[in-house]
Amino acid sequence: MADHVRIGVLGAARIAPTAVIKPARTSSAAVVVAVAARSRDKARAFADRHGIGRIHDDYRALLDDPAVDAVYNPLPNGLHGRWTLEALAAGKHVLCEKPFTANAAEAAEVAEAASASGLVVMEAFHYRYHPLAQRMAAVVASGELGELRHVEAHVCFPLPVFSDIRYDFGLAGGAMMDAGSYSASIVRLLGGGEPEVRSARALLRTPDVDRAMKAEVVFPSGCTGTVHASMWSAGSLLRLSAKAVGTEGTMRVFNPLAPQAPHRLSVRANGNSRVERFTRRPTYAYQLDAFTSAVLHGTPFPTTPADAVANMALIDAVYRAAGLPVRRPTPA
595 MADHVRIGVL GAARIAPTAV IKPARTSSAA VVVAVAARSR DKARAFADRH
645 GIGRIHDDYR ALLDDPAVDA VYNPLPNGLH GRWTLEALAA GKHVLCEKPF
695 TANAAEAAEV AEAASASGLV VMEAFHYRYH PLAQRMAAVV ASGELGELRH
745 VEAHVCFPLP VFSDIRYDFG LAGGAMMDAG SYSASIVRLL GGGEPEVRSA
795 RALLRTPDVD RAMKAEVVFP SGCTGTVHAS MWSAGSLLRL SAKAVGTEGT
845 MRVFNPLAPQ APHRLSVRAN GNSRVERFTR RPTYAYQLDA FTSAVLHGTP
895 FPTTPADAVA NMALIDAVYR AAGLPVRRPT PA
């Protein structure tokens, strides 16, 4: 077995340097060897900027490259499913950006193909691989907070550039698909089980595209949850947080998504309180470690295709409850 994973990048996306290229520079188990973009000039400029040795004129050529073991798929949401399936058909492992696909039905199709292939397919919820996320889940599971009553997550940031692809319905855009995919994941991580959506309300950019979303959910245990997501809302311009409330105490987390920046986990329970902080090593470095370990050694990981199906099912249910259409894959 090879001692490192050779990664090709599908598209010259802005997230690719942070998510894969920079972490690979300090990894002994990963190397980024190729990039493909919509034009050779764009691929060449991206490769030169980031020190990538091989370029391809199109995505298909990268998938056919025998020097590539795995692909990183940061394409627009509506293309995630199609190109993950194409990568699997070409025998490549896949690290796919969130959201996994355009909707739950497409996610189930990809999950089935991943299972049949025996290849690693990981949804790139990088925060899940950091010790902070593991500690969040452990505090709730420990029973320290007592019986869990309510969980919530805010992922809100300002994106007033309305030409951005994240506002494009044809590319499966919307706040719930972007910021909301994180909020949904955090609420599911803390709440246990899969929740049912009770209500949802969207603030709209266009008739089909949400710029902000709030959803109320309930878990099988009776614990309630609130999902907050925004890319442009005067009421929540910037907020990154999580909370779990139990009968004996409360856990609050500031910046659960990127604890390489300032962050804090605080617990107040049974008359005591404390604050915990964690390593500033980037979430993306932990994620790349987990991906390469899964490819090279078969190490289990949490953001599996099955987990992605469940997260997409919650996102779909939120859209339906808000009276908006479920996103669709972008036509070929």
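If you're matching positions, the sequence shown starts at 595 in our numbering and goes up one per residue.
In this text, a Cβ means the ideal position worked out from N, Cα and C, and glycines have one as well.
What first and last residue would you give for the alpha helix (DSSP H) that runs through residue i?
i    : result
G672 : 671 to 683
R648 : No alpha helix (DSSP H) holds R648; the beta strand (DSSP E) holding it covers 648 to 650.
Y653 : 653 to 657
E706 : 698 to 711
Measure the C-alpha to C-alpha separation of residue i and residue j and round it to an integer number of angstroms.
i    : j    : result
V734 : D651 : 48 Å
M825 : D772 : 8 Å
E746 : F848 : 12 Å
D658 : R638 : 18 Å
I601 : E680 : 15 Å
F885 : R722 : 12 Å
R632 : G816 : 48 Å
G737 : N866 : 15 Å
P919 : D597 : 45 Å
N864 : K636 : 58 Å
P670 : A794 : 25 Å
L908 : G785 : 13 Å
A607 : P668 : 6 Å
S835 : I646 : 36 Å
T893 : A705 : 18 Å
V662 : V714 : 14 Å
F640 : F813 : 45 Å
From the DSSP output, in three-state form, read off residue i for me.
i    : result
L739 : coil
I909 : helix
A773 : helix
L882 : helix
M807 : strand
I780 : helix
G602 : strand
T877 : helix
H644 : helix
H857 : coil
S887 : helix
A607 : coil
R937 : Any property of residue 937 remains undetermined from this structure, which presents the chain solely from 595 to 926.
F763 : helix
G787 : coil
M730 : helix
A664 : strand
A926 : coil
T612 : helix
Quick one, which of the options has its alpha-carbon nearest residue i's?
i    : options                : result
R760 : G787, S793, D804, L739 : D804
T841 : G740, A911, V614       : G740
R648 : A698, A630, C690, D663 : A630
T800 : A778, P670, G767, A828 : G767
S622 : L604, K636, G605, V599 : V599
G819 : K808, G829, S827, A828 : K808
T873 : A699, Q728, Y666       : Q728
H822 : L713, R608, H748, G786 : H748
A778 : N667, R868, A911       : A911
V889 : L834, A916, A624       : A624
T620 : R922, A879, G917       : A879
K837 : V627, S860, T893, L831 : S860
F694 : P894, L753, H720       : H720
S830 : A718, R868, C750       : C750
If contacts are defined as beta-carbon pairs under 8 Å, then residue i and residue j qualify, I think. What distance do you get, rounded to the angstrom?
i    : j    : result
Y913 : M770 : 6 Å
L682 : A664 : Their Cβ separation, rounded to whole angstroms, is 11 Å, which puts L682 and A664 out of contact at 8 Å.
H644 : L726 : About 28 Å; that fails the 8 Å criterion.
V839 : H744 : 4 Å
L882 : Y776 : No, L882 and Y776 are not in contact; Cβ-Cβ is about 19 Å, not under 8 Å.
A701 : A902 : 5 Å
E788 : A696 : Actually they are not in contact, since the Cβ atoms of E788 and A696 sit about 20 Å apart, beyond 8 Å.
P923 : R634 : P923 to R634, Cβ: 26 Å. No contact.
G843 : R862 : 6 Å
F763 : D802 : 5 Å
L656 : A628 : 6 Å
Residue i lies in the beta strand (DSSP E); which residues open and close that run?
i    : result
S835 : 833 to 840
R722 : Here R722 belongs to no beta strand (DSSP E), and DSSP marks it neither H nor E.
R868 : 866 to 870
A624 : 624 to 630
If we define contact as Cβ-Cβ less than 9 Å, is residue i a contact residue for chain B?
i    : result
R875 : Going by chain labels, chain B is absent from the structure shown, which holds only one protein chain.
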